[in-house]
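Trainee: First the structure, which I've put down as structure tokens, then a few questions once you've had a look.
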Amino acid sequence: MALPRHKTAPGLPAGPVPKSQQARLALPASAKDLVRVLESRQHYPSPVRVIGSASSSTRCTEAPGGTSLDLSEMNRVLRVDRNSVTVQPGITLAELADVLDAEELELIGGFDYANRTIGGAISASGLEAISAGETASFVSNVQQIKFVTADGQKGCVNDDTQTMLRLFRLSYGLLGVAYEITLRVRPIQSFNVKSIRVEAADIENLLAQLTNTRTSAKLKLFPFRRSVHCELREQADGAGSGKRLAWRLKSWAANSALPGAALALAKMVPVSRLRYPIVDSIGETTLNLSALGPLKTGSAATEQMTQTNIFGNSPIEHTAWAFPQAGFAATAAAYFDFCQEHYARTGFRCDPPAVAFPAPRDSSALLSP
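Letter 331 of the sequence shown, counting from 1, is numbered 337 in our numbering, and no numbers are missing.
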């Protein structure tokens, strides 16, 4: 049974899947339901594919056959204190950030797409935005995971079983399905934001200067202008939640307005050599929003609450790649060359800029990038 909110994954055959090949749908609302599903192999056959926000662009949640395990009903906050929060896996980063904000708390770290579920964020790597001043990934803040194994047995890993916890973080569901997750939280902390524009050849020097500092970076690469826009974030002293409305406006501009404008221009300006310079100018203008007063400060809380429609009715698709930081200037230059060559040969190009985050060395999960 296909889930209505899912998009067709790239490479899947067009048209309806034959009924004999359709996956069974399971929608558990509790750990007890989850046990029943995984015990009932005849009614819920293997392979079992767990669905969070359906953000993956691979076949993992849409391949025919087996069972699709949709955890969207398991989306409650179970406990909150000053140092931790315990949740079910189906709650999104944005929903949890909103709950924590009312307690003047925030998650540590996060993802560029705040509508990803907590279960997905701790089970599989993604486009992760490291917070200013942090040196580890989001999943390193997982203190405890309660899960159900493939044969329906309950288990638990926590700080007292560090080796098993390290195995379970980012384990892609290979060891079981999480049904309760405890994360470290902290009081809301502010960061200052600065935007600069650099040439691709200068990226490595910039990233080297940020090493061992309290500054993090988010990069936007414009292949057809051969430039890189860097949003630098430095942890600020004191607490504060930032300007929530301003950050949501920025998220909307970058993730909805920009791709929407590109689609509209494709219809109004059919000549590509006239249209694409306009698209790139709009993209750079959108990034310059960080120079506005309300966006010169922020917090993980305000950013985590900026939901986007990237995985809903959105024209954006994504894939993620990882490269060594040493030599990244050459990698960026090669990417620029590839985009320009591909456009010259086929007439196709991506309208939004590519996004890059420096990824820290992190031994908190065995399969961490």
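We put the beta carbon where it would ideally sit given N, CA and C, even for glycine.
Since we're looking at a predicted model, the values are computed, not measured.
1. Measuring alpha carbon to alpha carbon, tell me which residue in A335, A338, L227 and Q94 is nearest D357.
2. According to DSSP, is H235 part of a helix, a strand, or is it coil?
3. Using a threshold of 8 angstroms, state whether the C-beta atoms of T98 and A120 are closer than that.
4. Looking only at C-alpha atoms, which of V199, P375 and A108 sits nearest to G304?
5. Within this structure, are the beta carbons of A32 and V41 separated by less than 8 angstroms?
6. Assuming F228 is part of the beta strand (DSSP E), what are its boundary residues?
7. Would you call the region 206-224 in contact with the region 267-282, where contact means no fewer than 3 C-beta pairs closer than 8 angstroms?
8. I need the DSSP call for C162, collapsed to helix, strand or coil.
9. Does the pairing of the region 46-55 with the region 171-178 give three or more beta-carbon distances under 8 angstroms?
10. Taking just the CA atoms, how far does L77 sit from V91?
11. In the structure shown, what three-state DSSP assignment does Y341 receive?
12. Compute the Euclidean distance between the alpha carbons of E210 and P359, then round it to the nearest angstrom.
13. Sort T73, A103 and I57 by Cα distance to Y178 and report the nearest one.
14. How many whole angstroms separate the CB atoms of L113 and L189, which I take to be in contact at a CB cut-off of 8 angstroms?
15. Between which two residues does the alpha helix (DSSP H) holding L102 run?
16. Excluding the 5 residues flanking L373 on each side, which residues of the same chain have their C-beta closer than 6 angstroms to its C-beta?
Mentor: By the coordinates alone:
1. Counting from one through the sequence shown, the residue named residue 357 turns up at place 351. The shortest C-alpha separation from D357 is found at L227.
2. Taking the sequence shown and counting its residues from 1, one reaches residue 235 at position 229. Look at H235 here: in three-state DSSP terms it is strand.
3. As a working mapping, residue 98 is identified with position 92 in the sequence shown. As a working mapping, residue 120 is identified with position 114 in the sequence shown. Cβ distance < 8 angstroms, so T98 and A120 count as in contact.
4. Taking the sequence shown and counting its residues from 1, the one referred to as residue 304 is at position 298. G304 has its Cα closest to that of V199, out of V199, P375 and A108.
5. Taking the sequence shown and counting its residues from 1, the one referred to as residue 32 is at position 26. Taking the sequence shown and counting its residues from 1, the one referred to as residue 41 is at position 35. Cβ distance not < 8 angstroms, so A32 and V41 don't count as in contact.
6. Residue mapping note: residue 228 aligns to position 222 of the sequence shown, counting from 1. F228 -> beta strand (DSSP E) spans T221 to F228.
7. no
8. Within the sequence shown, numbered from 1, the residue matching residue 162 stands at position 156. Strand at C162.
9. no
10. Locating residue 91 in the sequence shown gives position 85, where the first residue counts as 1. Locating residue 77 in the sequence shown gives position 71, where the first residue counts as 1. Roughly 19 angstroms separates the two Cα atoms.
11. Locating residue 341 in the sequence shown gives position 335, counting from the first residue. Y341 falls in the helix class under three-state DSSP.
12. Here residue 210 refers to the residue found at position 204 of the sequence shown. Here residue 359 refers to the residue found at position 353 of the sequence shown. Rounded to the nearest angstrom, the two C-alpha atoms are 19 angstroms apart.
13. The count along the sequence shown starts at 1 and reaches residue 178 at position 172. For Y178, the nearest C-alpha among the options comes from I57.
14. Stepping through the sequence shown from its first residue, residue 113 is reached at position 107. Stepping through the sequence shown from its first residue, residue 189 is reached at position 183. Right, their Cβ atoms sit about 7 angstroms apart.
15. Position 96 of the sequence shown holds residue 102. Start and end: L99 to A108.
16. Translated into positions along the sequence shown, residue 373 becomes position 367. Answer for L373: L176, listed in chain order.
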